[in-house]
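*Asks:* Numbering (the working numbering), first residue to last: 3 to 299.
The C-beta atom is built at its ideal place from N, Cα and C for all residues, glycine as well.
Since this is a predicted model, take the numbers as computed values, not measurements.
Input: one structure, supplied below.
Structure representation (structure tokens):
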């Protein structure tokens, strides 16, 4: 009789599983790693995908350094191409540097001379990334950002769409390569919208749209670097909407990514697309990487 009443109660008053909180998901699924070790879980999540987008916050040491380790691991199995948020009109000079290692080629570029323009994309860590990529025989680099606007020329309002077109053009011309892009974490979103603009056409989402089905959420993956405190060298608008560039310190913010587990660094597969990304790489503390300059001999 008790069993009968229990069955009736379950039918009349069905129970529903409580939704897992973000902290609970992190506790169950965070995969800790030390230093620059690449988690097997991370590699497993991006293996067999045609396009991989790594989203960073410019101007730190840790993110380009760890991006290289991901690239290096992938290049052991695949011919890879690394797309960088450099303007397309310096492709020739980047190719020359990768071939010769001559840093004077980079020093002559306005991109590296104008720190207010590159906003951390021309940092010491980014040049270190280029130097490291030179050691990978199966790696190729391409630039996908739009050229710097000429003096008096307005900044393009379809920058992300144009970047997406450049990436797609490269993929079509290099079908055998696994493409890994490294860009700001708004560009790397595979969904439309940002917290302040729900209609924003982000580079990642534009790649999928413009590919007309060739690339999708099934054969593309993206990872967002997250951090909680430290410093970065970058540019940002001040209270008067004037762009200010320099070293910036922040945190601790104590986000759930920090408070849920005691790890300094970990990889996480998100339960669903979060901030436009499938996965997260958490590095608790980051340090600023200064604008690169040619060292005197």
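#1: How would you call residue 222, buried or exposed, if buried means at least 16 neighbouring beta carbons within 10 angstroms?
#2: Strictly by DSSP, which residues pair up with residue 251?
#3: Please give me, in chain order, every unbroken run of the beta strand (DSSP E) with length at least 3 that falls completely inside the region 162-204.
#4: List the residues that DSSP assigns as beta-bridge partners of residue 288.
#5: Please go through the same chain and pick out, in chain order, the residues whose beta-carbon is closer than 6 Å to the beta-carbon of residue 105, but skip the five residues on each side of it.
#6: Do you know how far the Cα of residue 243 is from the Cα of residue 142?
#7: For a test of the three-state rule: what should DSSP assign to residue 133, helix, strand or coil?
#8: Just list the residues that DSSP pairs residue 268 with in beta bridges.
#9: Once DSSP output is grouped into helix, strand and coil, what is the label at residue 156?
#10: Take residue 259 and list the residues in its own chain whose beta-carbon comes closer than 6 Å to its own, dropping the five residues that flank it on each side.
#11: Alpha carbons only, please: which of 86, 135, 114 is nearest the one belonging to residue 126?
#12: Starting from residue 46, trace the alpha helix (DSSP H) both ways and give me its first and last residue.
#13: Give me the Cβ distance between residue 253 and residue 231, rounded to the nearest whole Å; I'm assuming they're in contact under 8 Å.
*Replies:* Here's the rundown:
#1: Buried is the call here.
#2: Answer is 233, bridged to residue 251.
#3: Counting whole runs of 3 or more residues, the region 162-204 contains the beta strand (DSSP E) stretches 180-186.
#4: Beta bridge pairing from DSSP links residue 288 with 232.
#5: Same-chain partners within the cutoff: 296.
#6: So the alpha carbons of these two residues sit roughly 38 Å apart.
#7: Helix.
#8: DSSP, once it has assigned bridges, lists 34, 284 as partnering residue 268.
#9: DSSP places residue 156 in coil when its eight states are reduced to three.
#10: If you ignore the 5 residues before and after residue 259, its C-beta comes within less than 6 Å of the C-beta of 228, 284, all in its own chain and listed in chain order.
#11: Looking at 86, 135, 114, the one whose alpha-carbon comes closest to that of residue 126 is 114.
#12: Residue 46 -> alpha helix (DSSP H) spans 42-48.
#13: Yes, residue 253 and residue 231 are in contact; Cβ-Cβ is about 3 Å, under 8 Å.
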